[in-house]
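Peer 1:
There are 2 protein chains.
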Amino acid sequence: MRVSPIAGSPPHAVEQALTTLGRNIRTARLRRRLSRRQLAEKVGMSRYLMADIEAGKPTTAVAAYIGTLWALGLLDDVEALAHPDQDLEGKVLEAARRPTTAPKRGRALDDDF
Amino acid sequence: MRVSPIAGSPPHAVEQALTTLGRNIRTARLRRRLSRRQLAEKVGMSRYLMADIEAGKPTTAVAAYIGTLWALGLLDDVEALAHPDQDLEGKVLEAARRPTTAPKRGRALDDDF
DNA sequence: GAATAGAGTTGTTTTAAGGCAACATAAATC
DNA sequence: GATTTATGTTGCCTTAAAACAACTCTATTC
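Here the protein sequences come in this chain order: A and B. Each step along the first sequence adds one to the number in numbering that gives the first Met the number 0, with nothing skipped, and position 29 is 28. Each step along the second sequence adds one to the number in numbering that gives the first Met the number 0, with nothing skipped, and position 3 is 2.
Here it is as structure tokens:
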């Protein structure tokens with residue numbers, strides 16, 4: 000498998016975010032008194048993969064992370080990720096663009112579909 | 000490559016969360032007037048992978064998702080994922096356990112190391 | 001201290017992720 | 001309507017993700 004640069008050697012900020020996420024997942028698991036094997040089985044993966052997740056491995060499938068959060072009952076946090084209502088900078092950019100004519104291209108102002 | 004069940008055929012809630020995340024990323028990209036190719040280059044991946052992300056593909060590397068959020072300036076949301084201070088259920092479980100003697104095993108109450 | 005269980009590590013095997021070329025289509029600007 | 005750009009799609013190739021066995025080192029419970 001080829002690995003994209005972002006996954007192969009992530010910038011520090013991304014690496015940091017993943018490490019923190021793994022540590023948080025570990026904390027949540029221990030609080031619930033679950034072994035890696037137990038949580039892994041609930042999620043549907045091996046204990047080895049659970050170890051990768053707690054280590055914040057960048058190349059691991061996103062569903063392994065999200066699925067783990069789901070099994071821990073922490074899926075709500077995921078729903079908030081990049082939520083349009085919270086994307087202040089995006090809203091500002093959109094608003095600033097409104098008065099002018101369309102700069103170059105793109106499907107104007109509407110959010111997709 | 001083998002694929003874990005959680006990634007191969009995720010439960011509906013996980014699939015839903017990924018689809019929503021992809022759609023949110025797409026919205027944020029369009030608001031910033033970036034093509035997939037442009038954003039992909041900023042992140043460090045191909046436009047094909049960016050398409051997978053916007054589709055919410057479960058087997059894609061987590062760093063591709065996190066890296067995209069990073070490039071969009073939306074990394075703050077990631078830091079909040081499974082944050083111990085927000086994990087109410089975890090805190091309750093921990094507190095409820097405190098009075099009793101250690102149920103079976105595990106390194107007691109401390110958050111690791 | 002013996003037994004049990006969680007967890008780190010290493011090597012092997014399988015198989016699909018991700019890059020890419022090459023196309024097609026849709027939309028926008030001229 | 002011709003050109004340009006963004007995006008979908010398909011197939012091929014390389015390579016490593018993920019499972020597993022087989023250890024090891026802990027730490028806890030008896």
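Cβ coordinates follow ideal geometry from the N, Cα and C atoms, glycine included.
Excluding five sequence neighbours on each side, which residues of the same chain lie with their C-beta closer than 8 Å to the C-beta of residue 13/B?
Peer 2: For residue 13/B, where only same-chain residues beyond five positions count, the Cβ hits under 8 Å are 5, 57.
Peer 1: Got a sec: is the Cβ-Cβ distance from residue 50/A to anything in chain B below 8 Å?
Peer 2: Closer than 8 Å: no.
Peer 1: Going by the DSSP bridge assignment, what does residue 60/B pair with across the sheet?
Peer 2: DSSP lists 60/A as partners of residue 60/B.
Peer 1: Give the DSSP-derived three-state secondary structure of residue 42/A in the structure shown.
Peer 2: Reduced to three states, the DSSP call for residue 42/A is helix.
Peer 1: My assumption, with CB atoms under 8 Å, is that residue 59/A sits in contact with residue 61/B. Please give the rounded CB distance.
Peer 2: Residue 59/A to residue 61/B, Cβ: 6 Å. Contact.
Peer 1: Going by C-alpha distance, which of 85/B, 26/B, 68/B, 86/B is nearest residue 10/A?
Peer 2: The residue with the shortest Cα to Cα distance from residue 10/A is 68/B.
Peer 1: Evaluate residue 75/A with the Cβ neighbour count: other Cβ atoms within 10 Å of its Cβ, from every protein chain shown; 16 or more gives buried, anything less gives exposed.
Peer 2: So residue 75/A ends up on the exposed side.
Peer 1: Taking the C-alpha atoms as reference points, what is the distance between residue 77/B and residue 7/B?
Peer 2: Using only the alpha carbons, I get a separation of about 24 Å.
Peer 1: So, with DSSP's three-state summary, where would you put residue 86/B?
Peer 2: Here residue 86/B sits in coil by DSSP.
Peer 1: Excluding the 5 residues preceding and the 5 following residue 70/A in the sequence, name in chain order all residues of the same chain whose CB lies nearer than 7 Å to its CB.
Peer 2: Closer than 7 Å at Cβ, skipping near neighbours: 38, 41, 42.
Peer 1: Please decide whether residue 80/A counts as near chain B, where near means a Cβ-Cβ distance under 8 Å.
Peer 2: It does: the Cβ of residue 80/A has a partner Cβ on chain B nearer than 8 Å.
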